[in-house]
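Enquirer: My structure is below; once you've seen it, I'll send some questions.
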Amino acid sequence: MSDALRRKIAGEVDTSLRRRAEYSSDASNYRVLPVAVVFPRGGEDVARTLEFARGNGLTVTARGAGTSVAGNAVGPGIVVDFSRYMNGIGELDPQRRLARVQPGVVLAELQRKAGVHGLRFGPDPSTQNRCTLGGMIGNNACGPHAVAWGRTSDNVRELRVLDGTGAERTLAGDLSEIPGLPEFTRSSLAVIRTELGRFDRQASGYGLEHLLPERGSAVAKSFVGTEGTCGLLLEATVDLVPLPRATVLTVLGYPDIATAADDVAAVMACDPIAVEGIDARLVDIVRVHRGATSGVPQLPRGSGWLFVESAGDTPAEAYAAAEKLCRSVDALDSRIVTDPGVAAALWRIRAEGAGLAGRTPAGHPAWPGWEDAAVPPEHLGAYLRDFAALTKDHGVDGLLYGHVGDGCIHVRLDLPIANAPQRFRNFIHDAAELVVRYGGSLSGEHGDGRARSELLSLMYSQDALDVFAGYKALFDPDDALNPGVLVAARPIDADLRLVGVRPVGGRGFAFPHDNADIATAVHRCVGIGKCRADTRASGGFMCPSYLATADEKDSTRGRARVLQEVVRGALPWSSDAVAESLDLCLSCKACRSDCPAGVDMATYKSEVLHRRYRHRPRPIDHYALGWLPRWLGVAGRMPRAANALAEIGWLRRIGLRVGGIDPRRDLPRLADRSFRRIWQARGESAGAPEVLLWIDTFTDAFDPEVAQAAVQLMESLGYRVRIPRRRVCCGLTWISTGQLDGARARLRATLAELDEHVRGGGIIVGLEPSCTAVLRVDLPELLPEDPRATATAAAVRTLAEFLAEQPNWRPPARPGQSVVVQPHCHHHAVLGFDEDRRILASMRINVTEVTGCCGLAGNFGMQSGHYDISVAVAENGLLPALRNADGDSILIADGFSCRTQAMQLSGRRGLHLAQFLLGE
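Be aware that the sequence shown starts at 13, since it is given in my numbering, and climbs by one per residue.
Rendered as structure tokens:
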């Protein structure tokens, strides 16, 4: 059947088990394997796909970025991904303040292009840097600024759709566009007027209040929020609103978030454009996740906060509105934030709430399912107190945040989905009854999906449910579109992803934060999809492979979905699907820091390779690159001969191919003398106190001048520098190729060599970020039973961290000097780059900091088959930065891989921070 469909459309059809696993979940608790995934290139492809599905008894589910939290974007038939190709902006008219877009357009892209004209699309959910307009229309998305500019339904003019029969319809304000809709509306007026549209965030069910004549008989607006059950969107014409000329953020502190909600009427009386609530425990999670000093700006006194944005025609007018707000409310304390950087940092706490709330304060996994309830704002404080009592009664916990201004609260709870689904059902049922008692809605913006559709009977009369069914039947009489959602609902406890998943103990890594269970670790991914976003403008590195390919396969989430199939027993560790999924993972570890849920795909990849190849023959590059320190130990005895052989073209090409290395790569030249040989001739320095300089393989063999510069710096501060007496190794290359038994052996030898120094309170300074990161993070996770591992990890410093601890050291001023800085991915993700930034900022130089991976990523860019993607990743950051830099700009890159990539692709030599500080 798939071949038949491929012949019908210009787009792609994928029925592989890997692809079906990637699309089996969205950002919800549900897992439904589709039959196929289709990537249409235009409306004709969508029509032919629907026609094919109907002819073969298959259903169709539309999907954008897959960030649906309620299970709206998974289905058992064909899943149609509009984001890959149908992502164009057909028209943007500043005069009429409208845009015409395809369903796969990412909201941030529309905002960027509209912003040039001083305009924006009003709704802005926290996923705006990856969610699509089609998905927003599907679930009637809102976001913080809905209090000012309304929901998506309030900002839609016209929709071009295919209904469930395959007929194309243009929806606007004419009921007769849908046969039978005028008569249906007239016969349903009583139900619609009495049960629907009671308050702004009543998102559950269909938004049929828009069909009322007093609301303009707006068919297009009624279609918004139908969650793909009534039609497939081909194109949307949406309204744009003017950007405020000036805004200011005010943070109001309260004893708790319920008390903050009690004050919402006073807040709203001041005409804010956004009102968001944050619970203290979520802020605590942010501090843990990002670090106490860099993650959270100063907040006013309290344990619950409102973030309130005020607007004005001038900064003074906006500030005056903020001052009026502070005088009008009953807050404990307040802070008016005028620094845009601080305001952005505060808003990021809210934007990443869904992921950061994925762990309770006790460390238990927390899940959606009841994350989106809304009540009329005047009842919100009382509702929150009763909800707190309900969670206590059921023994569940979670972190609260949300759109307090319009009564919508988000929460993730440690629901017993895996081991007690009946308790899960009981809690959801009781929570639904509670919100209904307050006149609220099961959903305030995420939609009902599989998570809440069954519960609509608690909120609506049978007459209303019949009206919903009648509305869907006019569009989709055969239930071909997204079945089981809203009408004829699937049970809320059917198709739960966690049910049936058993613990799978780690064989390589300890997974200390996941109960020593890789199954728990890979299920950290709840699907919020930040790995699909381009976050480079805000300093993000994740996910370089997805940014290069725009393929879900190459996102952190896509890989996690495949590994979730593995731990549930649906795929073997050795399957081709798993190998394909992990192939383009650069092991950059960016997801470890950038993913709010804390997914660490580099570690998972290493564990998978360990399980797949342990005691079995490996790919040749695992020996050529994974054992690189061994080969360098041999070649280092005769570096000139080794370099000469590497320069013989035909011999180099044959050697690279045999070793599984791309022949387009050059081999880095070995130094004439390794650092260890230089050190042996020089001897240890005198002085006190003592510091140990970790000599990694790459610095030793290729760039000994980096270590020499570091020694000079340390000695200038009065330190006696020593290095490990024996040639020991952190095992990095063994880890990246999944040879974890070999890595542990090398790390045990390292601990033995460093133990005396560490027990004496000594500091270890690393120069190569990837090796330093191994000692800080991988070491205790690979040798959790060895107490020396934790102590050694705590003693490790980067050069910048070491220098920052020296009270009398000041970096040299270089006013006017321009530099391009490429942080190593592991420096960004594991070690932290803040101290490096502070040092460079204090030097009064002009800094261009590259955000994103260089693309070489250790062995990744050297491996056969990875060259093109390695270059594509470099083109997303490093190479454009170097091309745009002044001729006298200096490249600073602590990572040997980063310096190698820059030299091989641009001819630019890079310096380590140590060299730059010495003026080399």
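Don't be surprised by glycine CBs; every beta carbon is placed ideally from N, CA and C.
Source: prediction; values computed, not measured.
Could you please give the first and the last residue of the uninterrupted alpha helix (DSSP H) stretch that includes Ala258?
Expert: The sequence position of residue 258 within the sequence shown is 246, counting from 1. Not the alpha helix (DSSP H): Ala258 falls in the beta strand (DSSP E), residues 258-266.
Enquirer: Which residue spans inside the region 607-653 form an unbroken beta strand (DSSP E) run of at least 3?
Expert: Listed in chain order, nothing qualifies, since the region 607-653 has no complete beta strand (DSSP E) run of 3 or more residues.
Enquirer: Which residues mark the beginning and the end of the alpha helix (DSSP H) in which Val511 is found?
Expert: Residue numbering aside, residue 511 sits at position 499 when the sequence shown is read from its first letter. No alpha helix (DSSP H) contains Val511, which DSSP labels as neither H nor E.
Enquirer: Going by the DSSP bridge assignment, what does Ala522 pair with across the sheet?
Expert: Taking the first residue of the sequence shown as position 1, residue 522 is located at position 510. BP columns for Ala522 are empty, so no partner.
Enquirer: CA-CA distance, Pro701 and Gly743?
Expert: Walking along the sequence shown from the start, residue 701 turns up at place 689. Walking along the sequence shown from the start, residue 743 turns up at place 731. For Pro701 and Gly743, the distance between alpha carbons rounds to 29 Å.
Enquirer: Can you check whether the CB of Phe480 is closer than 9 Å to the CB of Leu468?
Expert: Translated into the one-based positions of the sequence shown, residue 468 becomes position 456. Translated into the one-based positions of the sequence shown, residue 480 becomes position 468. Cβ atoms of Leu468 and Phe480: closer than 9 Å.
Enquirer: Can you name, in chain order, every residue of its own chain whose Cβ lies under 6 Å from the Cβ of Asp798, other than the five neighbours on each side?
Expert: Walking along the sequence shown from the start, residue 798 turns up at place 786. Closer than 6 Å at Cβ, skipping near neighbours: no residue.
Enquirer: Roughly how many whole angstroms lie between the Cα atoms of Phe235 and Val118?
Expert: Counting from one through the sequence shown, the residue named residue 235 turns up at place 223. Counting from one through the sequence shown, the residue named residue 118 turns up at place 106. Roughly 20 Å between the two C-alpha positions.
Enquirer: Leaving out five residues on either side along the sequence, give the residues of the same chain with a beta carbon under 6 Å from the beta carbon of Thr711.
Expert: Counting from one through the sequence shown, the residue named residue 711 turns up at place 699. Taken in chain order, the residues that qualify are Val718, Ala719, Leu779, Glu780.
Enquirer: If you draw a straight line from the alpha carbon of Asp898 to that of Ser830, how long is it in whole angstroms?
Expert: Sequence index remark: in the sequence shown, residue 898 carries index 886 (1-based). Sequence index remark: in the sequence shown, residue 830 carries index 818 (1-based). Distance between the alpha carbons of Asp898 and Ser830 is about 7 Å.
Enquirer: Ends of the alpha helix (DSSP H) at Glu329?
Expert: For the purposes of this step, residue 329 is taken as residue 317 along the sequence shown, with counting starting at 1. Here the alpha helix (DSSP H) through Glu329 covers 327-340.
Enquirer: Determine the closest residue to Val298 out of Ala357, Arg826, Leu640, Asp767, with distance taken between C-alpha atoms.
Expert: Along the sequence shown, one-based indexing puts residue 298 at 286. Looking at the Cα atoms, Ala357 is the closest of the given residues.
Enquirer: Only counting the same chain, and skipping five residues up and downstream in sequence, which positions put a Cβ closer than 6 Å to that of Val423?
Expert: Reading the sequence shown from its first residue, position 411 is the one you call residue 423. Glu383, Gly410, Leu412, listed in sequence order.
Enquirer: Do you know offhand how far Glu170's Cα is from Thr182's?
Expert: The residue given as residue 170 occupies position 158 in the sequence shown. The residue given as residue 182 occupies position 170 in the sequence shown. About 7 Å.
Enquirer: In whole angstroms, what separates the C-alpha of Ala545 from that of Ala277?
Expert: Translated into positions along the sequence shown, residue 545 becomes position 533. Translated into positions along the sequence shown, residue 277 becomes position 265. Their Cα atoms are separated by approximately 35 Å.
Enquirer: Which whole-angstrom value is the C-beta distance of Val574 and Ala33, which I expect to be below 8 Å?
Expert: Numbered from its first residue, the sequence shown carries residue 574 at position 562. Numbered from its first residue, the sequence shown carries residue 33 at position 21. About 5 Å separates the two Cβ atoms, so the contact holds.
Enquirer: Considering Cα atoms alone, identify which of Glu727, Asp708, Glu765 is closest to Thr745.
Expert: Translated into the one-based positions of the sequence shown, residue 745 becomes position 733. Ranking Glu727, Asp708, Glu765 by Cα distance to Thr745 puts Asp708 first.
Enquirer: Bridge partners of Cys420, per DSSP?
Expert: Position 408 of the sequence shown holds residue 420. Answer is Ala386, His415.
Enquirer: Can you tell me which of Phe872, Ser36, Leu244, Ala202 puts its alpha carbon nearest to the alpha carbon of Gly178?
Expert: Indexing the sequence shown from 1 puts residue 178 at position 166. It is Leu244.
Enquirer: Alpha carbons only, please: which of Asp588, Leu598, Val703 is nearest the one belonging to Gly772?
Expert: In the sequence shown, the residue the question calls residue 772 occupies position 760. The option with the nearest alpha carbon to Gly772 is Val703.
Enquirer: Just to confirm the assignment, what range does the alpha helix (DSSP H) spanning Val58 have?
Expert: Here the question's residue 58 lines up with position 46 in the sequence shown. Where Val58 is concerned, the enclosing alpha helix (DSSP H) stretches over 55-67.
Enquirer: For Glu817, does the count of other Cβ atoms within 10 angstroms reach 16, so buried, or fall short, so exposed?
Expert: Position 805 of the sequence shown, counted from the start, is the residue given in the question as residue 817. Burial call: exposed.
Enquirer: Between which two residues does the beta strand (DSSP E) harbouring Ala111 extend?
Expert: Taking the first residue of the sequence shown as 1, we reach residue 111 at position 99. Unbroken beta strand (DSSP E) run through Ala111: 110-113.
Enquirer: Excluding the 5 residues flanking Cys783 on each side, which residues of the same chain have their C-beta closer than 6 Å to its C-beta?
Expert: As a working note, residue 783 is residue 771 in the sequence shown. These residues qualify, in order along the chain: Asp708, Cys742, Leu744.
Enquirer: Taking the alpha carbon of Ser315 as the point to measure from, which residue in Tyr266, Cys910, Asp753 has its own alpha carbon closest?
Expert: On the sequence shown, position 303 is the one that residue 315 refers to. Of Tyr266, Cys910, Asp753, the residue nearest in Cα terms is Tyr266.
Enquirer: Given a cut-off of 9 Å, decide if Thr197 and Leu220 are closer than it, judged by their beta-carbon atoms.
Expert: Working through the sequence shown from its first residue, we reach residue 220 at position 208. Working through the sequence shown from its first residue, we reach residue 197 at position 185. Their beta carbons are under 9 Å apart, which means Leu220 touches Thr197 by this criterion.
Enquirer: Which stretch, first to last residue, makes up the alpha helix (DSSP H) that contains Arg822?
Expert: Residue 822 sits at position 810 when you count from the first residue of the sequence shown. Premise fails: Arg822 is in no alpha helix (DSSP H) and is neither H nor E.
Enquirer: Straight-line CA distance for Val50 to Arg760?
Expert: Sequence index remark: in the sequence shown, residue 50 carries index 38 (1-based). Sequence index remark: in the sequence shown, residue 760 carries index 748 (1-based). Approximately 50 Å between the Cα atoms of the pair.
Enquirer: What are the boundary residues of the alpha helix (DSSP H) that includes Glu321?
Expert: Here residue 321 corresponds to residue number 309 of the sequence shown, with the count starting at 1. Premise fails: Glu321 lies in the beta strand (DSSP E), 316-324, not in any alpha helix (DSSP H).
Enquirer: Within 8 Å, do at least three Cβ pairs link the region 588-604 to the region 867-881?
Expert: With the cut-off at 8 Å, the region 867-881 and the region 588-604 touch.
Enquirer: In the DSSP assignment, what are the bridge partners of Val703?
Expert: By one-based count along the sequence shown, residue 703 stands at place 691. Val733, Ile775, per the DSSP bridge assignment.
Enquirer: I need the boundaries of the beta strand (DSSP E) containing Asp345, first residue and last residue.
Expert: Residue numbering aside, residue 345 sits at position 333 when the sequence shown is read from its first letter. It spans 345-349 - the beta strand (DSSP E) in which Asp345 sits, taken as one unbroken run.
Enquirer: How would you label Pro284, buried or exposed, when you count the other beta carbons within 10 angstroms and need 16 or more for buried?
Expert: Residue mapping note: residue 284 aligns to position 272 of the sequence shown, counting from 1. Counting Cβ neighbours within 10 Å, Pro284 comes out buried, since at least 16 surround it.
Enquirer: Taking C-alpha atoms, which residue in Leu637, Ala153, Arg142, Pro309 lies nearest to Ser216?
Expert: Start at 1 with the first residue of the sequence shown, and residue 216 comes out as number 204. Among Leu637, Ala153, Arg142, Pro309, the Cα nearest to that of Ser216 is on Ala153.
Enquirer: Check whether the region 469-479 and the region 50-69 are in contact - that is, three or more C-beta pairs closer than 8 Å.
Expert: Flag = no, the region 469-479 and the region 50-69 do not touch.
Enquirer: Taking only runs that begin and end inside the region 749-805, name each unbroken alpha helix (DSSP H) of 4 or more residues, in chain order.
Expert: Listed in chain order, the complete alpha helix (DSSP H) runs (minimum 4 residues) inside the region 749-805 are 752-771, 781-785, 791-794.
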